[in-house]
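In the order they appear, the protein sequences are chains A and B.
Numbered according to this note's numbering, the first sequence spans residues 1 to 191.
Numbered according to this note's numbering, the second sequence spans residues 192 to 382.
Even for Gly, the Cβ is constructed at its ideal location relative to N, Cα and C.
This one's a predicted model, so the numbers in the text were calculated from it and none came from an experiment.
Some notes on the structure that comes next.
Number of protein chains: 2
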Amino acid sequence: MKTRNIHSDLALAILGLLSLRPASGYDLRKVFLTTAMKAFSASPGAIYPALRRLERDGLIEGAVERKHTLRPRMIFKLSGKGKAALVASLTKPVTREDVIRRLDGLLLRFSFMSGLLGEAETLVFLAVLAAETQGYLKVLEEEYRRSAPGMPFSGRAALEQGVETYRVTARWAGKTLKELKKDLSSKGASK
Amino acid sequence: MKTRNIHSDLALAILGLLSLRPASGYDLRKVFLTTAMKAFSASPGAIYPALRRLERDGLIEGAVERKHTLRPRMIFKLSGKGKAALVASLTKPVTREDVIRRLDGLLLRFSFMSGLLGEAETLVFLAVLAAETQGYLKVLEEEYRRSAPGMPFSGRAALEQGVETYRVTARWAGKTLKELKKDLSSKGASK
DNA sequence: TGCAGCATGTAACCTGTTACATGATTAG
DNA sequence: CTAATCATGTAACAGGTTACATGCTGCA
């Protein structure tokens with residue numbers, strides 16, 4: 001069975017949220033408006049077309065609720081195919097490119113892993129993420145060393161922000177990886 | 192004179208780079224491939240159409256170099272109109288929305304300010320950026336306090352990454368603001 | 001001779017933005 | 001009664017991605 005791949009972060013976010021509980025387009029909008037997922041588009045012009053595409057591809061299924069009343073809602077839930085596509089998307093290999101240009105997407109994928117992937121797979125993801133982030137940090141630090149002296153104030157400061165951002169992310173990934181490893185080994189011991 | 196506004200980060204990055212020195216499409220690609228601006232698309236399918244649009248709108252001007260040889264290059268430089276549009280784009284007010292959804296764009300704008308804006312304007316930009324980042328950090332921290340206990344491991348960890356990222360950015364903005372203020376006052380004193 | 005790098009481009013496809021539009025329900 | 005909120009959508013437009021395509025130049 002060929003699982004269609006998910007193209008955009010918005011589609012991934014929708015599938016992830018629907019993996020937690022069924023929801024209407026409006027429910028999803030509220031999540032995007034009121035939680036830390038504000039980083040995503042909450043505009044109807046993005047959400048409703050995305051839902052239609054996901055339904056067209058068989059990744060989600062909509063059911064009309066309160067059919068008889070005058071204000072029906074479309075409640076969507078993840079299909080088997082949708083769950084497969086979501087899991088496939090979460091387990092895609094992590095590349096340096098992803099770390100540089102799509103870090104948000106990587107964090108989004110990670111945020112949904114607990115309910116959908118085993119701890120071993122989550123661990124692999126985190127390990128690669130930590131390594132690649134650390135690696136890119138080194139590259140950026142080296143560039144800073146070379147270039148900073150000749151750069152104008154604002155350019156240099158902006159580069160500093162980039163370095164510091166990757167520094168905390170690398171630290172965070174390392175810390176989180178350790179936590180997860182501890183979880184795993186304590187479970188292994190109690191077995 | 193109505194200065195057309197710049198729509199994408201890529202267009203802004205191109206104009207910013209051309210404000211430093213004229214360059215060909217290929218030169219720009221190399222910058223995107225080899226410097227910290229890797230975060231931008233370096234694909235020809237993005238850069239060349241963007242250059243054509245900027246030229247169409249009169250923001251840049253292309254001149255064919257080495258016309259007589261068999262391998263001509265198009266060297267683009269910023270026009271007066273382009274510089275005006277760039278300055279206008281750099282001085283647009285900073286909103287909370289920008290901090291949440293387009294932080295990269297804000298940093299990009301900041302990175303080009305030194306040569307194009309006065310220190311006073313740069314200072315205003317940084318002050319608002321610092322305030323809004325700090326403000327959103329508070330919101331995220333509050334959300335973490337409320338939600339973290341009930342969240343699954345990976346969701347909570349992802350939220351932590353967000354909090355820590357905004358924390359360093361807020362700190363960075365505050366620190367950079369202070370540096371700039373010191374610069375300004377020492378110049379004022381020596382006058 | 002052949003390969004890496006220079007230099008530019010096109011086309012199909014997908015997605016997001018902005019702005020507009022509609023109508024129902026509920027709280028004050 | 002009326003404003004806010006619920007709930008869903010459409011259309012024009014712009015932009016990026018991927019993949020493909022072309023031909024030159026310098027070097028080994």
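With burial defined as no fewer than 16 other Cβ atoms inside 10 Å of the residue's Cβ, what is the status of residue i: buried or exposed?
i                        : result
methionine 1 of chain A  : Note that methionine 1 of chain A scores 47 on pLDDT, short of 50, meaning its location in the model is unreliable; the coordinates nonetheless yield the value given after this. Exposed, because fewer than 16 other Cβ atoms sit within 10 Å of the Cβ of methionine 1 of chain A.
serine 376 of chain B    : exposed
tyrosine 136 of chain A  : buried
threonine 225 of chain B : exposed
glycine 115 of chain A   : exposed
alanine 13 of chain A    : buried
lysine 138 of chain A    : exposed
lysine 382 of chain B    : Residue placement at lysine 382 of chain B is flagged as unreliable, the pLDDT there being 45, under the threshold of 50; a coordinate-derived value is accordingly withheld.
arginine 56 of chain A   : exposed
alanine 311 of chain B   : exposed
arginine 300 of chain B  : buried
alanine 11 of chain A    : buried
glycine 82 of chain A    : buried
alanine 364 of chain B   : buried
alanine 254 of chain B   : exposed
Would you mind reading off the limits of the alpha helix (DSSP H) that contains residue i?
i                         : result
isoleucine 6 of chain A   : Looking at the DSSP string, isoleucine 6 of chain A is not in any alpha helix (DSSP H), and its letter there is neither H nor E.
methionine 113 of chain A : 113 to 116
arginine 96 of chain A    : 96 to 101
glycine 45 of chain A     : 44 to 56
alanine 321 of chain B    : 310 to 338
glycine 216 of chain B    : 216 to 225
Anyone know if the C-beta pair for residue i and residue j falls short of 8 Å?
i                            : j                         : result
glutamate 323 of chain B     : valine 290 of chain B     : yes
alanine 275 of chain B       : isoleucine 197 of chain B : no
glycine 216 of chain B       : isoleucine 238 of chain B : yes
alanine 348 of chain B       : threonine 165 of chain A  : no
arginine 244 of chain B      : alanine 233 of chain B    : no
serine 345 of chain B        : threonine 122 of chain A  : yes
phenylalanine 231 of chain B : aspartate 200 of chain B  : yes
valine 87 of chain A         : leucine 51 of chain A     : no
leucine 297 of chain B       : alanine 36 of chain A     : no
List, in chain order, every chain B residue whose beta-carbon is nearer than 7 Å to that of residue i.
i                        : result
glutamate 160 of chain A : Trp363
valine 168 of chain A    : Glu355, Thr356 and Val359
threonine 122 of chain A : Ser345
threonine 176 of chain A : Ala348
Using a cut-off of 7 Å between C-beta atoms, extract the partners of residue i located in chain A.
i                         : result
methionine 304 of chain B : Ser154
serine 227 of chain B     : Going by the sequence as given, residue 227 of chain B is alanine instead of serine. Neighbours of alanine 227 of chain B on chain A, chain order: Leu140, Glu143, Leu159 and Gly162.
Tell me where the beta strand (DSSP E) around residue i begins and ends.
i                           : result
phenylalanine 76 of chain A : 73 to 78
alanine 254 of chain B      : 251 to 256
Just the chain B side, please: which residues come within less than 8 Å of residue i by C-beta, in chain order?
i                           : result
phenylalanine 32 of chain A : Here the premise fails: no neighbours, minimum Cβ distance about 11 Å.
leucine 107 of chain A      : Ala349, Gln352 and Gly353
I want to verify the contact list: residues of chain A whose CB lies under 9 Å from the CB of residue i, in sequence order.
i                       : result
arginine 264 of chain B : By Cβ distance, chain A contributes nothing, its closest Cβ being about 25 Å from arginine 264 of chain B, past 9 Å.
alanine 322 of chain B  : By Cβ distance, chain A contributes nothing, its closest Cβ being about 16 Å from alanine 322 of chain B, past 9 Å.
arginine 292 of chain B : Lys38, Ala39, Phe40 and Ser41
Please compile the residues from chain A whose C-beta is within a distance smaller than 8 Å of the C-beta of residue i.
i                            : result
phenylalanine 301 of chain B : Ser154, Ala157 and Ala158
Does the structure place the segment 172 to 182 of chain A close enough to the segment 142 to 151 of chain A that three or more beta carbon pairs sit under 8 Å? no
State whether the segment 198 to 211 of chain B contacts the segment 264 to 271 of chain B, with contact taken as three or more CB pairs (one from each stretch) at a distance under 8 Å. yes
Any contact of the segment 157 to 175 of chain A with the segment 351 to 366 of chain B, i.e. 3+ C-beta pairs under 8 Å? yes
Kindly confirm or deny that the segment 88 to 99 of chain A and the segment 120 to 131 of chain A touch, where touching means at least three C-beta pairs closer than 8 Å. yes
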